[in-house]
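These notes concern the structure reproduced below.
Number of protein chains: 8
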Amino acid sequence: MNRQQLRALLDQVRSGGTPPEAAQEQILQFLRQSPYEDLGFARVDHHRHVRQGFPEVVFGQGKTPDQIAAIARTLVGARQNLLVTRTTADAHRAVAAVVPSARFHELARCITAEIEPTIKGRGTIVIAAAGTADLPVAEEAAVTAEIMGNSVDRVYDVGVAGLHRLLREHARISAARVVIVVAGMEGALPSVVAGLVDVPVVAVPTSVGYGANFGGLTALLAMLNSCAIGVSVVNIDNGFGAAAIASSINHLD
Amino acid sequence: MNRQQLRALLDQVRSGGTPPEAAQEQILQFLRQSPYEDLGFARVDHHRHVRQGFPEVVFGQGKTPDQIAAIARTLVGARQNLLVTRTTADAHRAVAAVVPSARFHELARCITAEIEPTIKGRGTIVIAAAGTADLPVAEEAAVTAEIMGNSVDRVYDVGVAGLHRLLREHARISAARVVIVVAGMEGALPSVVAGLVDVPVVAVPTSVGYGANFGGLTALLAMLNSCAIGVSVVNIDNGFGAAAIASSINHLD
Amino acid sequence: MNRQQLRALLDQVRSGGTPPEAAQEQILQFLRQSPYEDLGFARVDHHRHVRQGFPEVVFGQGKTPDQIAAIARTLVGARQNLLVTRTTADAHRAVAAVVPSARFHELARCITAEIEPTIKGRGTIVIAAAGTADLPVAEEAAVTAEIMGNSVDRVYDVGVAGLHRLLREHARISAARVVIVVAGMEGALPSVVAGLVDVPVVAVPTSVGYGANFGGLTALLAMLNSCAIGVSVVNIDNGFGAAAIASSINHLD
Amino acid sequence: MNRQQLRALLDQVRSGGTPPEAAQEQILQFLRQSPYEDLGFARVDHHRHVRQGFPEVVFGQGKTPDQIAAIARTLVGARQNLLVTRTTADAHRAVAAVVPSARFHELARCITAEIEPTIKGRGTIVIAAAGTADLPVAEEAAVTAEIMGNSVDRVYDVGVAGLHRLLREHARISAARVVIVVAGMEGALPSVVAGLVDVPVVAVPTSVGYGANFGGLTALLAMLNSCAIGVSVVNIDNGFGAAAIASSINHLD
Amino acid sequence: MNRQQLRALLDQVRSGGTPPEAAQEQILQFLRQSPYEDLGFARVDHHRHVRQGFPEVVFGQGKTPDQIAAIARTLVGARQNLLVTRTTADAHRAVAAVVPSARFHELARCITAEIEPTIKGRGTIVIAAAGTADLPVAEEAAVTAEIMGNSVDRVYDVGVAGLHRLLREHARISAARVVIVVAGMEGALPSVVAGLVDVPVVAVPTSVGYGANFGGLTALLAMLNSCAIGVSVVNIDNGFGAAAIASSINHLD
Amino acid sequence: MNRQQLRALLDQVRSGGTPPEAAQEQILQFLRQSPYEDLGFARVDHHRHVRQGFPEVVFGQGKTPDQIAAIARTLVGARQNLLVTRTTADAHRAVAAVVPSARFHELARCITAEIEPTIKGRGTIVIAAAGTADLPVAEEAAVTAEIMGNSVDRVYDVGVAGLHRLLREHARISAARVVIVVAGMEGALPSVVAGLVDVPVVAVPTSVGYGANFGGLTALLAMLNSCAIGVSVVNIDNGFGAAAIASSINHLD
Amino acid sequence: MNRQQLRALLDQVRSGGTPPEAAQEQILQFLRQSPYEDLGFARVDHHRHVRQGFPEVVFGQGKTPDQIAAIARTLVGARQNLLVTRTTADAHRAVAAVVPSARFHELARCITAEIEPTIKGRGTIVIAAAGTADLPVAEEAAVTAEIMGNSVDRVYDVGVAGLHRLLREHARISAARVVIVVAGMEGALPSVVAGLVDVPVVAVPTSVGYGANFGGLTALLAMLNSCAIGVSVVNIDNGFGAAAIASSINHLD
Amino acid sequence: MNRQQLRALLDQVRSGGTPPEAAQEQILQFLRQSPYEDLGFARVDHHRHVRQGFPEVVFGQGKTPDQIAAIARTLVGARQNLLVTRTTADAHRAVAAVVPSARFHELARCITAEIEPTIKGRGTIVIAAAGTADLPVAEEAAVTAEIMGNSVDRVYDVGVAGLHRLLREHARISAARVVIVVAGMEGALPSVVAGLVDVPVVAVPTSVGYGANFGGLTALLAMLNSCAIGVSVVNIDNGFGAAAIASSINHLD
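Quick mapping for you: the protein sequence lines, in order, are chains A, B, C, D, E, F, G and H. Mapping the first sequence onto the working numbering, position 232 (from 1) lands on 232, and the numbers just tick up by one. Mapping the second sequence onto the working numbering, position 165 (from 1) lands on 165, and the numbers just tick up by one. Mapping the third sequence onto the working numbering, position 10 (from 1) lands on 10, and the numbers just tick up by one. Mapping the fourth sequence onto the working numbering, position 31 (from 1) lands on 31, and the numbers just tick up by one. Mapping the fifth sequence onto the working numbering, position 32 (from 1) lands on 32, and the numbers just tick up by one. Mapping the sixth sequence onto the working numbering, position 122 (from 1) lands on 122, and the numbers just tick up by one. Mapping the seventh sequence onto the working numbering, position 85 (from 1) lands on 85, and the numbers just tick up by one. Mapping the eighth sequence onto the working numbering, position 148 (from 1) lands on 148, and the numbers just tick up by one.
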């Protein structure tokens with residue numbers, strides 16, 4: 001099936017000649033058998049957007065600026081949005097040479113280029129962060145959620161030791177369809193937030209801390225043992241993963 | 001505000017005299033100031049259903065059958081659904097004496113009594129379990145999701161070592177609005193399932209295993225490190241928690 | 001130096017004939033060289049009250065009821081207050097046979113007998129506990145603090161997932177001279193409490209929880225990593241130790 | 001309420017026109033609603049001194065010299081004492097350009113500037129350290145305690161393997177109102193010191209050691225398991241935290 | 001026994017004058033008593049090939065290029081194949097100066113020189129790797145297996161989150177006599193592969209991952225807890241060790 | 001395809017009418033699509049023998065004697081060999097009532113019934129065990145290997161602290177085609193054995209030990225870090241798993 | 001060589017006809033080739049006394065009373081001293097039936113029978129124990145050291161929190177040729193003792209403690225990290241092992 | 001008491017005028033009250049040699065070359081032997097400028113200067129090391145033992161995977177009065193050696209290894225769990241500590 005056939009199929013769906021279920025099945029059938037584009041050092045999956053709701057994301061760590069730029073050109077060439085995580089200003093310079101619209105998010109350590117406006121999520125994703133040292137992870141989540149088509153509200157510096165700052169933001173947090181909570185040290189913020197809202201809370205432990213923090217293990221364990229109902233957890237510093245989950249929740253009809 | 005005032009307020013909402021937002025705010029305001037019912041050994045929260053979407057749940061572990069029965073009578077007396085987790089046949093006998101409709105779910109170790117049909121979730125929650133030893137946790141999730149008003153589809157005994165059994169159930173799993181995946185030992189099932197669907201996956205590690213399993217720690221770590229996008233994790237053996245999260249996702253408009 | 005000489009010395013202090021510093025030095029000198037009373041299975045330290053501010057405390061675990069009763073008789077015979085921790089109703093029956101005024105605190109698993117009213121601490125020790133499962137540890141702290149001569153205010157069931165219950169008790173907590181905070185699971189309560197008060201907070205992690213709680217390790221690590229200023233920590237389930245520290249703080253002039 | 005109103009209120013208190021309790025309540029009410037000063041990269045809390053007894057402390061790690069200097073200027077501009085922890089000589093140069101009186105404590109890795117003499121603590125804080133490698137942490141505690149208005153007595157190089165050196169300092173240690181004990185390796189010193197005094201002991205494990213020391217974990221665990229009564233513990237290398245607790249104890253009336 | 005005697009013995013074997021079993025016993029007897037060649041910084045074992053089926057392997061880590069070159073010259077001088085693992089391009093330059101045929105395998109971080117064609121293994125060793133970050137370990141295994149005389153089939157980028165890519169390679173994997181599976185993160189691939197084949201699977205956890213991956217510990221534990229039959233495990237990142245085991249299996253008659 | 005068709009096919013293979021490869025492919029094709037027999041509490045896989053080389057094995061732990069007997073009857077009814085691991089004398093009584101030839105191996109905690117002689121492995125599997133406390137695990141391996149059709153040689157009580165006992169058995173160990181080494185405590189035996197042989201060594205750590213043994217973790221780590229080439233490792237106490245791997249190696253052509 | 005030949009050889013040594021070195025070599029040669037006595041469930045090593053300086057020791061844990069009695073009869077029948085560790089009163093009854101002189105040491109959980117007076121160690125072994133809960137381990141060490149022919153001095157209840165009790169025993173401890181120090185909880189005693197003496201200190205951590213003690217791990221780590229020179233460590237609760245080492249030191253000429 | 005008085009006292013001892021016990025007591029009395037020499041950054045203990053049998057040892061890690069040189073000058077000025085551990089060539093250059101006879105031991109990372117020949121230990125200390133990567137630790141032990149006055153025999157590269165190399169050195173090892181065994185990876189060597197000798201074995205785990213070695217933890221745990229009698233253990237990489245213990249054993253009369 002080529003691009004023209006796909007368009008024809010979709011036209012038939014719009015006209016009622018083919019029920020959507022049948023068309024979708026036909027397309028997914030096709031996708032599962034199609035090859036990846038092989039760049040030698042990476043295989044780019046051009047069907048991921050159809051299959052999983054968002055194009056392939058580039059995990060920048062361990063890749064050279066040239067490699068990242070090559071992948072970026074391939075993705076953007078196929079009219080797909082670009083998201084590179086755990087990357088650097090050097091990589092951005094290489095990407096910008098081939099994708100001029102590419103932006104660098106310094107704090108988030110991400111590169112994005114919005115080629116096609118994505119379907120918007122239904123509500124707002126609130127990203128609450130405990131301390132300023134947690135912001136790189138929070139921003140990785142925010143940038144990811146935005147490029148995936150979600151409206152994001154950042155509620156930062158609301159650690160539990162200053163409860164009044166958190167309570168002052170109660171209304172903003174309560175307006176979320178899903179909340180991402182980012183915290184290091186003792187990782188207590190998700191429990192407090194989950195007690196204030198009735199929507200899903202995705203908790204992200206960060207490696208912020210020292211001594212018996214053990215690189216974020218303390219915050220991770222605390223979040224897994226939350227006494228509040230409604231908290232699920234992702235890996236330490238995994239802002240991207242939390243945003244992908246929140247986006248998938250926010251895109252549910 | 002009493003029950004009559006509440007009804008009057010809601011009638012005004014139906015007639016358009018009061019916008020729903022305003023009415024909801026008024027009610028929540030009330031709830032936050034109201035007292036708990038104190039049984040001496042426990043404080044029962046009668047407003048939880050309005051506030052969080054489901055009545056108070058009784059964690060049975062460490063409570064006597066008589067204590068559980070007393071709480072059950074109080075909740076059911078207030079016309080609220082009953083869910084007791086981590087409990088026993090003995091506790092069920094005590095509860096059944098005061099709540100004749102209470103059912104005991106032996107494998108799930110839960111007692112339920114559906115007093116008021118709850119608002120139904122929008123889609124189906126699939127609960128996939130890797131092995132037969134994981135079933136108590138899977139059933140705790142299933143019973144919890146059902147009493148919280150969700151349609152549940154159980155897909156059991158689909159461990160990754162017998163991939164063909166899992167793939168045979170691909171269609172059922174793909175039909176979910178949210179998937180709960182329960183697995184012990186190496187905890188690999190959530191990664192495989194998340195690669196097959198594009199909806200949120202809530203992973204529950206179980207303490208099934210021996211030796212270097214460390215009471216479920218291995219499965220927990222594996223799930224947190226999933227290479228698949230879309231997996232969030234709850235505590236070991238926490239079938240209840242996973243179901244509460246899945247239900248909150250499934251009830252999103 | 002015998003008891004009469006001690007009394008004579010103290011009379012001289014009252015009359016101004018001996019400065020208190022000199023008398024105190026004389027007494028401490030004596031105490032450091034005096035023998036213990038050896039019961040065969042234990043050596044009872046009769047000078048501990050003078051030296052450390054409270055008589056010897058009996059750690060009941062691993063001792064038979066008869067052994068505990070023998071120690072109790074020895075201590076009370078020397079007109080000292082009695083505190084037995086981690087003990088049982090059986091041990092209480094044995095103690096009551098020789099010390100009729102001995103009381104058993106079932107939840108705290110302690111036996112006490114107040115023979116001499118102790119010097120009162122200057123302020124109130126607030127003991128805040130997160131959940132009902134934390135009460136045995138909280139009560140061990142409370143009973144210990146009371147027999148050591150402190151006024152105690154119990155603020156129970158104020159876990160962080162129900163923030164409004166905690167905030168409703170803000171005034172009581174703020175009235176403390178020192179606060180003991182007892183919590184299991186994610187151990188978040190001390191951080192929140194320390195943000196609300198400006199007095200020392202002694203945090204006690206409990207072994208309440210399951211799965212990745214690891215017998216209280218999660219709560220312990222969380223408390224050590226508290227983002228709030230003013231939190232110090234004792235061993236898991238060590239209600240006695242926390243109360244002894246709080247009492248020593250509360251008795252400072 | 002502005003500064004003049006505050007002064008007027010205090011004058012009324014002095015003259016008896018307003019009872020202190022009422023005035024204090026009025027002031028605290030005000031403080032809880034007032035904004036932070038936002039520097040873009042940080043929010044400086046000008047009310048912390050009134051609320052918690054000491055101005056905001058700057059955690060230097062991860063901040064640039066320029067950022068630290070900007071915060072320092074803001075705090076000192078508001079006539080507040082300055083304490084920067086975990087910082088460098090570079091940061092001190094930047095701070096000294098805007099706060100000429102700022103001192104750098106090299107071993108403690110702290111910057112201080114005493115703008116307003118703080119209210120003095122009632123007694124002496126003894127800081128005992130086991131070995132020379134523990135001195136950076138001990139000095140962080142000492143500098144913190146001093147800038148918070150306490151008299152400090154340093155008793156260094158008194159590790160338990162050379163007991164006679166420790167016993168020779170018995171008198172100095174016994175004169176403390178609260179003792180901070182800093183030790184790495186096997187972390188035994190707090191147990192020994194707590195057996196020699198009857199005042200609170202705050203133990204600080206350090207990351208000094210190698211091999212099975214695990215970055216201070218061994219000392220931390222040893223201190224939590226102390227057989228002595230009266231020892232509470234803070235995070236590894238947290239000299240600042242220990243001093244803040246000791247200061248809050250030492251300022252109790 | 002000298003080289004001429006050995007040759008004479010072997011000639012006798014060929015002519016039937018000496019049965020192979022007797023000759024082999026004579027040779028092994030000799031080998032067990034013979035000395036190593038001592039280079040000062042290392043003792044080279046020239047009998048290892050006869051005794052263990054492959055010449056001494058040089059573990060490059062911690063050795064200087066000159067040392068590696070000296071060992072290489074010694075081994076090659078004795079007409080033995082060369083394998084250096086965990087090495088660098090610098091070391092290769094030094095080796096190439098004395099062994100011109102030496103090749104550098106950059107991704108595998110290995111140097112090889114095939115001096116004598118080794119006896120071929122009976123079947124194919126499939127090396128399956130989950131992600132691109134696992135390739136250095138997979139290539140170390142591949143290069144090792146090849147220089148040890150095995151036919152190798154590389155099946156890369158077949159992580160469990162993209163099951164269809166793995167299943168598409170089912171035939172290649174099933175054709176193996178032994179399978180090496182290399183995976184980091186959650187380490188799930190060996191369980192899935194072992195369910196698809198009936199030959200031995202050697203699992204190699206890699207240190208690929210972050211956060212709660214703990215340097216490969218998660219993958220290691222997952223593989224040890226595999227629910228599939230037929231999986232044995234080697235140390236984290238030990239591609240060489242896995243290949244040596246696979247080669248020894250593949251050389252069994 | 002039914003049993004008669006299968007027989008006809010095999011006759012054609014014997015007569016040369018069908019090449020074995022083609023016949024095998026036909027049969028495997030069939031097996032992959034066929035259903036399991038569902039007993040309600042378990043699904044018995046009758047095709048496993050053809051697919052994986054041995055019938056389904058019953059993991060006895062957590063199953064009632066009646067359940068085990070029911071599975072045993074089903075398997076034996078289909079003319080398949082029976083192996084039940086981690087089981088009890090009670091379960092054996094129940095099994096013997098329906099499978100009179102079933103034997104109980106007390107030390108190995110296994111039940112076996114050899115219905116069809118299995119195809120014999122090509123060589124001998126040596127099972128070496130360090131101490132007498134390791135024998136239950138060693139015997140589980142031995143019984144498993146035997147019922148899977150292998151010749152087994154038990155070399156017990158050859159711990160490394162008594163090296164002469166081990167060396168005295170050098171000849172027996174060297175005669176193996178694959179060696180299983182079972183050891184607890186410091187787990188050193190596999191390293192020593194692997195240095196003496198040139199065939200694959202499968203190491204099984206046991207939970208034998210106390211104190212810092214941590215339930216076999218020490219032996220497990222030691223085996224993973226073996227300095228000898230050719231050692232792969234299975235989970236703690238997993239004698240069955242080691243034997244299944246050894247058998248699969250021993251059955252390679 | 002039989003017993004008579006041995007006696008003749010020794011007579012020749014006494015008369016100077018055979019130099020001791022030659023005789024010793026002859027005997028050791030013999031011992032290394034001689035068989036063990038096989039009881040079916042155990043192999044008793046009758047040459048151990050000559051080879052290692054003490055007869056075989058019976059580790060009682062996991063053996064039945066009958067098995068222990070059978071081994072005891074065999075050893076005593078060969079005129080060797082008997083030591084059974086980790087055993088029970090039941091086992092003692094069985095042993096006493098065949099070895100009437102066998103004594104049971106309840107606190108040490110040992111059985112001994114001194115058949116031949118052993119060669120006395122040169123000095124005294126001091127066994128210092130921190131608390132009463134450590135006494136079972138200390139007594140296992142004491143009983144072991146005594147049956148191995150050493151003079152033992154028990155210095156109990158000298159924990160570091162009561163330093164004056166320890167210092168009062170300075171002279172007794174200083175008189176030792178080797179010191180065994182037994183301590184649980186924070187395990188600080190060996191460091192203090194090693195600072196007071198200049199002879200070897202063997203430290204035994206015990207599993208005494210709770211919470212973050214982790215079954216003796218804290219004491220073990222503390223002892224390994226001792227800041228004192230001269231401390232070596234054995235496994236948790238391994239009183240027997242410590243005594244065997246101390247005895248071997250004490251028997252050095 | 002000055003040096004002349006000390007000499008006079010000793011002369012009296014030689015002449016019988018003063019019994020040695022009395023003289024020793026007089027000297028120790030003196031030593032315990034004398035001050036340390038304070039260099040500002042360190043306090044040098046000039047009495048350590050008399051008290052503990054060897055002068056103060058300088059732990060070089062974390063000290064500047066100038067500081068080390070200053071301490072060296074002070075010690076040598078007092079006619080004491082010099083040992084600096086964990087140091088560098090830079091430090092040696094600084095030391096050599098003030099102590100020309102100072103030698104640098106590169107592999108051992110030690111500086112020594114033998115000013116006064118020390119009293120010789122009675123026998124030989126064998127230092128056995130498993131692999132070449134363990135040599136820095138083994139050499140630290142060897143250099144320490146030599147400067148402390150012991151005869152040392154190095155038996156290197158005798159890892160357990162090549163048993164024949166170890167057995168070839170049996171005679172040398174058996175000739176030791178005490179054996180130090182240094183090993184990384186699986187840490188098996190001490191168990192094997194302790195089974196071959198009847199003198200004390202001091203085991204030193206090294207941090208040699210990778211992956212699940214955890215910086216030497218595996219070797220440490222293995223050594224603590226040794227199945228052989230007579231093994232005690234020191235901290236990871238603590239060659240100095242092992243040698244100090246071995247020396248104290250070797251100097252026992």
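All C-beta atoms in this analysis are idealised placements derived from N, C-alpha and C, irrespective of residue type, glycine included.
- Taking His251 (chain G) as the centre and dropping the five residues before and after it, the same chain places the C-beta of Gly121 closer than 6 angstroms to its C-beta, in chain order.
- Between the alpha carbons of Arg109 (chain E) and Thr206 (chain C) lies a gap of roughly 49 angstroms.
- Judged by DSSP secondary structure, Pro55 (chain D) falls outside any beta strand (DSSP E); it is assigned neither H nor E.
- The beta carbon of Leu217 (chain H) sits closer than 8 angstroms to some beta carbon of chain D.
- Using a Cβ-Cβ cut-off of 8 angstroms, Asp237 (chain D) counts as an interface residue toward chain A, since at least one Cβ of chain A sits closer than that to its own.
- Close CB contacts of Asn238 (chain C) within its chain, under the 7 angstroms cut and outside five residues either way in sequence, are with Val204 (chain order).
- Comparing alpha carbon positions, the residue from D:Ala72, D:Asp66, D:His164, D:Ala130 closest to Gly195 (chain G) is D:His164.
- Shown here for Ala228 (chain F): same chain residues with a beta carbon closer than 6 angstroms to its own, the five before and five after excluded, namely Ser191, Ala194, Gly195 in chain order.
- Close partners of Gly16 (chain H) in chain D (Cβ separation under 9 angstroms) are lacking, with about 32 angstroms as the shortest Cβ gap.
- Listed by position along chain E, the residues whose Cβ is nearer than 8 angstroms to that of Ile115 (chain F) form an empty set, because the closest Cβ is around 20 angstroms away.
- Judged by beta-carbon spacing, Ile180 (chain F) lies within the 8 angstroms limit of Ala242 (chain F), meaning their Cβ atoms are closer than that value.
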